[in-house]
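A short worksheet on the structure shown next.
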Amino acid sequence: MVWGYHAAEPNSYLVITGAGVKGLKLTKKAMVLPFQKVTKISVTPFHFTTDLQAMTSEKLQVCLPAVFTIGPKDDLESLMKYAGLMTDNNSDNGVASREHIQNIIMGIVEGETRSVVSNITMKELFEKRSLYRTKVVEHVQTELTQFGLHIYNASIKELRDMPGSHYFEYQSRKAHEGAQANAKVDVAHARMQGEIGEAESVGRTKQEIAKINANTAVQETERKIEKAMAESRFKSQEIDIERKLQIERIQAERAAELRDADLQKGVQESKALMELERMRATTVTKAKVAKESAAEEADAQLYKARQAAEAHAFQQSKTADLELYTTEKQAEGHYHKKQRETEA
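Using UniProt numbering, you'd call the opening residue of the sequence shown number 1 and step up by one each time.
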């Protein structure tokens, strides 16, 4: 390719060699300089169909058809190895053809497959197909890794006998007949198992029904016991509540009686106090009345005494006055008598 700008398709890479590049450079797009060479390589996987003839460990020829899908592994190290394989300086344009690469891969696949089959018996090939496939893939992959290639899929087709050999045919018939016999046995066994299973199922059904009925009866009895216990507890609680209420009523009645007694006592005490006060008042009143009566009587007596004294005094005063008047009159008469005598 000429120098200038180059870009690879999605399934391709650019491999640049030449001036300024040590070894080779792998990229998707680049500006190619003068004295540099750019090569475009595809990373699309190859599909290989083989119809290999190989010899088993028993020296028996067998035909081994298979299909492989192989391509470069998607990591830088593997791509660099694959790019080195694809860049062939011996070719005219410097790029190895896909046919050449396929021939290399086919050589590896056939060689490793024959190597694996040579260590396997016909019986193992027929009965252990997956083991044969695994060994072939492992051996082929080991060789392909040095070229950066990876097995993406490996499908082993139906093994075939070589002309004149009928091993796989007979083994297939044997397997088929055996499968038919086993199928008949399996059918009979299945029928027997079905009848046994049906009988067991019926028996288990009856047992389960009996068990369920027994459990139901037990549960019913337990529920009745629980109900009786609950009713007993409820009755006990009712009795206890009634007893507590009765005690509270009695206590309330006693408290009421005590309050009534206290009230009666208070009333009686009040009555007694009132009666005492009344009696005291009556006694005081009587005493006061007696006192006032005595005072009035004394006042009356005093008044009488005073009246008598005053009357007596008045009487005496009258008498004295009369006596004085008489005496004065006698004195005057005597005086006048004397005066007259004197004058006489």
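For glycine and all other residues, C-beta sits at the position ideal for the given N, C-alpha and C.
| said: Using 8 Å as the cut-off, can you tell me whether the region 106 to 116 makes contact with the region 136 to 155, which would need three or more C-beta pairs spanning the two stretches below that distance? | reply: Contact check between the region 106 to 116 and the region 136 to 155: three or more CB pairs, one atom from each, fall below 8 Å, which counts as touching.
| What are the start and end residues of the alpha helix (DSSP H) that includes S78? | Under the DSSP assignment, S78 falls in the alpha helix (DSSP H) whose first and last residues are 76 to 86.
| request: List the whole-angstrom C-beta distance separating T87 from V15, where the pair is believed to meet the contact cut-off of C-beta under 8 Å. | output: Their Cβ separation, rounded to whole angstroms, is 6 Å, which keeps T87 and V15 in contact under 8 Å.
| request: Look up G4 in the DSSP assignment and give the residues it is bridged to. | output: DSSP, once it has assigned bridges, lists V32 as partnering G4.
| request: State the beta-bridge partners of L52 as determined by DSSP. | output: DSSP lists L64 as partners of L52.
| query | Whose C-alpha, out of W3, C63, M55, V43, is nearest the C-alpha of Q36? | reply | When only C-alpha atoms are compared, the closest one is W3.
| query | Is DSSP giving I120 helix, strand or coil here? | reply | I120 carries a coil assignment under DSSP once its states are collapsed to helix, strand and coil.
| Just the Cα atoms here: how many angstroms apart are G333 and E323? | Cα to Cα, the separation comes out at about 14 Å.
| Any chance the region 68 to 87 sits against the region 149 to 158, with 3 or more Cβ pairs inside 8 Å? | With contact defined as three or more Cβ pairs closer than 8 Å, the region 68 to 87 and the region 149 to 158 are in contact.
| task | Determine the contact status of E195 and M122, defining contact as a CB-CB distance below 8 Å. | result | For the 8 Å CB-CB criterion, E195 and M122 do not form a contact.
| request: Please state whether DSSP places L149 in a helix, a strand or coil. | output: Strand at L149.
| said: When you compare the CB positions of K22 and A8, do they come within less than 8 Å of one another, or not? | reply: No, the pair does not count as a contact, with Cβ atoms beyond the cut-off.
| field | Reduced DSSP secondary structure (H/G/I, E/B, other) of T283 | value | In the structure shown, T283 sits in a helix (DSSP, three-state: H, G or I).
| query | What span of residues does the beta strand (DSSP E) with T27 cover, start to end? | reply | Counting along the chain, the beta strand (DSSP E) containing T27 begins and ends at 25 to 27.
| query | Near S115, which residues of its chain fall below 7 Å by C-beta distance, leaving aside the five closest residues on each side in sequence? | reply | Apart from the 5 residues on each side of it in sequence, S115 sits with its Cβ closer than 7 Å to the Cβ of H139 in its chain, given in chain order.
| said: Determine whether the beta carbon atoms of A66 and K157 lie at a separation below 8 Å. | reply: Contact flag set, yes.
| Simplified DSSP state of G20, which is helix, strand or coil | In the structure shown, G20 falls within a coil segment according to DSSP collapsed to helix, strand and coil.
| task | Return the first residue and the last residue of the alpha helix (DSSP H) that V136 is part of. | result | That run of the alpha helix (DSSP H) goes 129 to 144.
| query | To the nearest whole angstrom, what separates the beta carbons of V43 and L159, a pair I think is in contact under 8 Å? | reply | Contact between V43 and L159 does not hold, since their C-beta atoms are separated by about 33 Å, which reaches or exceeds 8 Å.
| said: Check this for me: beta carbons of T205 and L125, under 8 Å apart or not? | reply: With contacts defined as CB atoms closer than 8 Å, T205 and L125 fail to qualify as a contacting pair.
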